[in-house]
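Student: Sequence order for the protein chains is A and B. Residue numbers for the first sequence follow my numbering, so the first one is 17 and each next one is one higher. Residue numbers for the second sequence follow my numbering, so the first one is 17 and each next one is one higher.
There are 2 protein chains.
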Amino acid sequence: MPDCLFCKIAAKEIPAKIAFEDPHVLAFHDLHPMAPVHLQIIPKQHIARVSDLKTENAEIVARLVVVANQLAAERGIAEPGYRLVINCNPAAGQSVYHLHLHLLGGRSFSWPPG
Amino acid sequence: MPDCLFCKIAAKEIPAKIAFEDPHVLAFHDLHPMAPVHLQIIPKQHIARVSDLKTENAEIVARLVVVANQLAAERGIAEPGYRLVINCNPAAGQSVYHLHLHLLGGRSFSWPPG
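1) Please identify the residue among B/Leu120, B/Ile102 and B/Arg123 whose C-alpha is closest to the C-alpha of A/His118.
2) What span of residues does the beta strand (DSSP E) with B/Phe125 cover, start to end?
3) Taking three-plus beta-carbon pairs below 8 Å as touching, is the stretch 91-109 of chain B in contact with the stretch 98-114 of chain A?
4) Which residues in chain B have a C-beta closer than 7 Å to the C-beta of A/Arg99? List them in chain order.
5) Using a C-beta to C-beta distance shorter than 8 Å, which residues of chain A count as neighbours of B/Val77?
6) Relative to the C-alpha of A/Val81, which residue among A/Ala32, A/His62 and A/Gln56 is closest?
7) Residues of chain A with CB under 7 Å from B/Lys70, in chain order?
8) Take B/Thr71 as the anchor and find which of A/Ser67, A/Glu72, A/Gln86 and A/Val66 has the nearest alpha-carbon.
9) What residue does the alpha helix (DSSP H) around B/Glu133 start on, and which one ends it?
10) Starting from A/Ile34, trace the alpha helix (DSSP H) both ways and give me its first and last residue.
11) Let me know the secondary structure DSSP gives A/Cys104 once reduced to three states.
12) Helix, strand or coil for A/Val66? Go by DSSP, reduced to three states.
13) Are the stretch 58-72 of chain B and the stretch 38-45 of chain B touching, with three or more C-beta to C-beta distances below 8 Å?
14) Please report how far the alpha carbon of A/Phe36 lies from the alpha carbon of A/Ala84, in whole angstroms.
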C-alpha cells in the first residue's frame with residue numbers, strides 16, 4: 017500500500033529501530049514508548065485492521081503473538097509480565113491502519129487498559 | 017484443571033453470562049466490566065498464559081481473535097472501535113491463570129493502555 021507508514025517501514029523505505037524480522041513479521045520500537053519495552057509487531061502483508069482477520073487468514077495474528085512471546089522472553093519481561101494490545105478503529109485509538117500488536121512490558125500496568 | 021475458575025465456567029460448573037460458544041471457544045461477560053461491552057474470550061482447553069503459546073498451538077489465539085471480531089460486529093462496536101487486551105503474568109495484572117482475551121468496546125479508550 018503506497019501510502020501506508022508501516023508498509024514503508026517493512027519495505028525499509030522509512031527507518032525504524034527493528035527488533036525482529038522474518039519473512040512474514042516485523043517488530044520495531046514504538047516511536048512514542050509507553051513502557052520500558054514497547055514494541056510494535058506487524059505482518060509484512062498489508063492488513064488494515066484486526067477486524068479484517070477471518071478464519072482463513074487469522075494465522076497472521078497467531079504469528080504476531082508468537083513473535084511477541086519470543087521477544088518478551090528475550091528481553092526479560094516475560095516473568096514479571098507483559099500486556100498485548102490491539103486497537104481497532106478510532107474509538108480504540110488505532111493510529112496507523114496497518115494491523116499492529118503492541119507489546120508492552122518492563123513496568124506494572126493498571127486496569128482498565130485505557 | 018480442577019482449581020481453574022475459567023475451566024469451571026467452561027464446564028458449566030460455575031455460572032457466567034455466556035455470549036458465544038463453539039467446540040473450542042467460550043465468551044462470557046466480565047464480572048467487573050470496564051466498558052459498555054467487556055467480554056472475556058477463552059479457549060476451552062486449559063492454557064495458563066499467552067506465553068505458553070508456541071507456533072504449534074498458536075492457532076488457539078487466532079480462534080479467540082476471530083470470535084472477538086465476530087462479537088464486536090454483532091454488538092455494533094466494530095465501526096466505532098474496540099480494544100483487545102491479553103495480560104500475561106502479575107505485572108500486567110493477569111488475574112486468572114487461564115488464557116483470556118479481553119474485548120472492550122462501546123466507549124473511547126485512552127493511551128497508554130494502563
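We put the beta carbon where it would ideally sit given N, CA and C, even for glycine.
Tutor: If we stick to the structure as given:
1) B/Ile102
2) Where B/Phe125 is concerned, there is no enclosing beta strand (DSSP E), given that its DSSP letter is neither H nor E.
3) yes
4) Val101, Asn103, Ala108, Pro129 and Gly130
5) Val77, Ala78 and Val81
6) A/Gln56
7) Val82
8) Relative to the Cα of B/Thr71, the nearest Cα in the group A/Ser67, A/Glu72, A/Gln86 and A/Val66 belongs to A/Gln86.
9) As displayed, chain B neither begins before 17 nor continues past 130, which places residue 133 of chain B out of reach and without an answer.
10) For A/Ile34, there is no enclosing alpha helix (DSSP H); the residue is part of the beta strand (DSSP E) that begins and ends at Ile34 to Glu37.
11) strand
12) helix
13) Contact holds: three or more Cβ-Cβ distances are below 8 Å.
14) Answer to the nearest angstrom: the Cα atoms are 10 Å apart.
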